[in-house]
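Encoded as structure tokens, the structure appears first; notes follow it.
There are 2 protein chains.
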Amino acid sequence: MLRYPGAMASRTSTALTHPDRAALTFTTVMAALADPVRLAVVARLADAGPDGELACSTFALPVSKSTQSGHFKVLREAGVIRQRDEGTRRLNQLRRADLDARFPGLLDLAVPQGRAVIASW
Amino acid sequence: MLRYPGAMASRTSTALTHPDRAALTFTTVMAALADPVRLAVVARLADAGPDGELACSTFALPVSKSTQSGHFKVLREAGVIRQRDEGTRRLNQLRRADLDARFPGLLDLAVPQGRAVIASW
Numbered sequence: 001m002l003r004y005p006g007a008m009a010s011r012t013s014t015a016l017t018h019p020d021r022a023a024l025t026f027t028t029v030m031a032a033l034a035d036p037v038r039l040a041v042v043a044r045l046a047d048a049g050p051d052g053e054l055a056c057s058t059f060a061l062p063v064s065k066s067t068q069s070g071h072f073k074v075l076r077e078a079g080v081i082r083q084r085d086e087g088t089r090r091l092n093q094l095r096r097a098d099l100d101a102r103f104p105g106l107l108d109l110a111v112p113q114g115r116a117v118i119a120s121w
Numbered sequence: 001m002l003r004y005p006g007a008m009a010s011r012t013s014t015a016l017t018h019p020d021r022a023a024l025t026f027t028t029v030m031a032a033l034a035d036p037v038r039l040a041v042v043a044r045l046a047d048a049g050p051d052g053e054l055a056c057s058t059f060a061l062p063v064s065k066s067t068q069s070g071h072f073k074v075l076r077e078a079g080v081i082r083q084r085d086e087g088t089r090r091l092n093q094l095r096r097a098d099l100d101a102r103f104p105g106l107l108d109l110a111v112p113q114g115r116a117v118i119a120s121w
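Laid out in structure tokens, this is it:
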């Protein structure tokens, strides 16, 4: 079977942009974390381990697929998560080191709140 | 001169409602703190001391009076500040004890961010 390089590179042509650590802003990160669904995503990723990556499809969030995509986008653009495409999957990773460096203690506050959201579903 | 009880009680007839400590929610408080002007208000109040009260008119925020009133309202309704009317002044106080009890460390993160906002003006 022939394999074409890049044939499964990305499900969309949109480049996934991420702010550098130095470009993270407190207000944008706070706004990203001011939502129960996004807090749940953060908690799931935090509990996936320091290098844990989870595909978008594994979250089973109680919202529509397009709403879910919007939430992931807000988190990525704020610098809370890193996303990359692998084949047809979009993988998500918490930017814990960056967040802990810029806003120490914030994730430690947010993650238990996200766990509480998940427990309430 | 005759003094009528209550004649200076309030500049408006709107009752100032405040959520109880137990009713504070993380997402609402996070959203309230996700704004530079509101962070500046929080820092000013934090630096006014534990029981410090500051009148709205003393903040000199770089926004219109009605925008400023909206920011104070968001902070009050989220449970970040307590407001009371005294004569023609509306006094503001940070609800540090309530916030520290419910979301330990959050104010310690937010106050320096608010100071940075003020320093940038």
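First to last, the protein sequences are chains A and B. Just so you know, we're using the UniProt record's numbering here: the first sequence kicks off at 1 and counts up by one. Just so you know, we're using the UniProt record's numbering here: the second sequence kicks off at 1 and counts up by one. Note that CB positions come from ideal geometry on N, CA and C, so glycine has one too. Since this is a predicted model, take the numbers as computed values, not measurements.
Distance from the CA of Asp85/A to the CA of Ala48/A, rounded to the nearest whole angstrom, comes to 18 Å. Taking a cut-off of 8 Å on C-beta distances, the region 43–61 of chain B does not touch the region 14–21 of chain B, as fewer than three cross pairs fall below it. Annotation for Arg102/A: the continuous alpha helix (DSSP H) segment containing it runs Arg96 to Arg102.
In the DSSP assignment, Asp108/B falls within the alpha helix (DSSP H) that extends over Leu106 to Ser120. The Cβ of Thr25/A sits no closer than 7 Å to any Cβ of chain B. Within the same chain, Cβ atoms closer than 8 Å to the Cβ of Ile81/B are found at Val41, Val42, Leu45, Phe72, Leu75, Asn92, Gln93, Leu94 and Arg95, the five residues on either side in sequence being excluded.
7 Å or more divides the Cβ of Met30/A from the Cβ of Ala78/B.
Within the same chain, and ignoring the five residues on either side of Arg115/A in sequence, the residues whose Cβ sits closer than 7 Å to its Cβ are Ala43.
With its beta carbon at least 7 Å from every one in chain A, Gly79/B lies outside the interface. At least one beta carbon of chain A lies nearer than 7 Å to the beta carbon of Gly105/B. For Arg76/B, the enclosing alpha helix (DSSP H) has its first and last residue at Lys65 to Ala78. For Arg84/B, no alpha helix (DSSP H) encloses it; the enclosing beta strand (DSSP E) starts and ends at Ile81 to Glu86. Under the Cβ distance rule, Gln113/B counts among the residues neighbouring chain A, one pair being separated by less than 7 Å. Counting of Cβ neighbours within 10 angstroms places Val63/A among the exposed residues, the total staying below 16. With a cutoff of 7 Å on beta-carbon distance, Phe26/B and Gln113/A are scored as near each other.
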